[in-house]
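K.L.:
Residue numbers (this note's numbering): 1097 to 1378. Beta carbons: idealized from backbone N, C-alpha and C, even for Gly. Submitted below is the structure of interest, expressed as structure tokens.
Written out as structure tokens, the structure is:
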């Protein structure tokens, strides 16, 4: 398969309409239809079911859509990493580090200071992102390295080093009866009347069903807690940046959170290797 044909197919499969897909690709409809038929002949399978009114995916087409998106993402990631490698070879090494906004603040500050003291340290661009975005940015080549948090972030396919492991605490509105307890259990926190658990986005940007509010980031979450609309279970290190108008109670049986530094396994960047060394020494 050619990358061009794969892009054509993904556009048609996502739009399920040849006219819209052609406009999206900036081409005429007839050559797009011919390219899809040629791809089907080459693979020896039908990818689309066409009628005069509708276009639907076959089972083979559904599989190719998933695999094709991943393949195109990998191609785009390779191009981005190649461009950054060229800049590094030209004497302009830069690293893009992504981290979840509002998480691992103290660790991130210590890491940047430790790496800056390394001989020949590269410039580090920090990208603070929303929930779950750092994994996607690392996979698609827009970042060189990330701070991820297991079990919330997937680390499969990355090289990683563990940096810290910690327990979790419950954050409740100030004055809530549970806020006076010495500790809580997960069963207590997930069944509080009038305080549904927040709903975080899936990796595809959609939200799970449920009564809790949709939450995009930690700033929004904290405001909703203060307003008495939700509660949250967060890593213990979050204590340092919380306001005085919330209650904080340890949850000993909550899953422990491990912060890792993660990077693509095929990286050959000396600058990245230096950053990882600095992180593991902390």
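Output the distance between the C-alpha atoms of residue 1113 and residue 1311, rounded to the nearest integer angstrom.
P.N.:
Spanning the two alpha carbons is a distance of roughly 33 Å.
K.L.:
Name the DSSP bridge partner or partners of residue 1246?
P.N.:
Its beta-bridge partners are 1354.
K.L.:
Would the stretch 1171-1178 and the stretch 1128-1135 be scored as touching if the rule is three or more Cβ pairs under 8 Å?
P.N.:
No: the two stretches stay apart, fewer than three of their Cβ pairs being nearer than 8 Å.
K.L.:
Let me make sure I understand the geometry here. Which of 1268, 1207, 1214 has the alpha-carbon closest to that of residue 1338?
P.N.:
Nearest of 1268, 1207, 1214 to residue 1338, Cα basis: 1268.
K.L.:
My output table needs one value for residue 1106: the three-state DSSP class, helix, strand or coil.
P.N.:
Correct three-state label for residue 1106: helix.
K.L.:
Okay, do the stretch 1348-1362 and the stretch 1240-1254 touch, 3+ Cβ pairs below 8 Å being the bar?
P.N.:
At 8 Å Cβ cutoff, the stretches touch.
K.L.:
Only counting the same chain, and skipping five residues up and downstream in sequence, which positions put a Cβ closer than 7 Å to that of residue 1107?
P.N.:
Excluding residues within five positions, the ones whose Cβ falls inside 7 Å are 1117, 1120, 1121.
K.L.:
Check residue 1310 in the structure and name its three-state DSSP category.
P.N.:
Correct three-state label for residue 1310: strand.
K.L.:
Could you say which of 1377, 1328, 1319, 1307 lies nearest to residue 1284 if we only look at CA atoms?
P.N.:
Closest by alpha carbon: 1328.
K.L.:
Only counting runs of 4 or more residues, tell me where the alpha helix (DSSP H) segments fall wholly within the stretch 1272-1327, in order along the chain.
P.N.:
Those alpha helix (DSSP H) runs which fall completely within the stretch 1272-1327 and span 4+ residues are 1282-1285, 1314-1322.
K.L.:
How is the alpha helix (DSSP H) around residue 1207 delimited, first residue to last?
P.N.:
Taken as a continuous stretch (DSSP letters only), the alpha helix (DSSP H) holding residue 1207 covers 1201-1212.
K.L.:
Mind reading off the beta-carbon distance from residue 1374 to residue 1259? Whole number of angstroms is fine, and I expect it under 8 Å.
P.N.:
Not really, about 11 Å apart at Cβ, beyond 8 Å.
K.L.:
Quick check on residue 1302: buried or exposed, where buried means 16 or more other Cβ atoms within 10 Å of its Cβ?
P.N.:
When all chains shown are included, residue 1302 counts as exposed.
K.L.:
Following the continuous beta strand (DSSP E) through residue 1129, name the residue where it begins and the one where it ends.
P.N.:
Element bounds for residue 1129: not the beta strand (DSSP E) but the alpha helix (DSSP H), 1125-1139.
K.L.:
Taking residue 1039 as the reference, which of 1376, 1161, 1343, 1357 has the closest Cα?
P.N.:
Because the chain spans 1097 through 1378 in this model, residue 1039 falls outside it and cannot be assessed.
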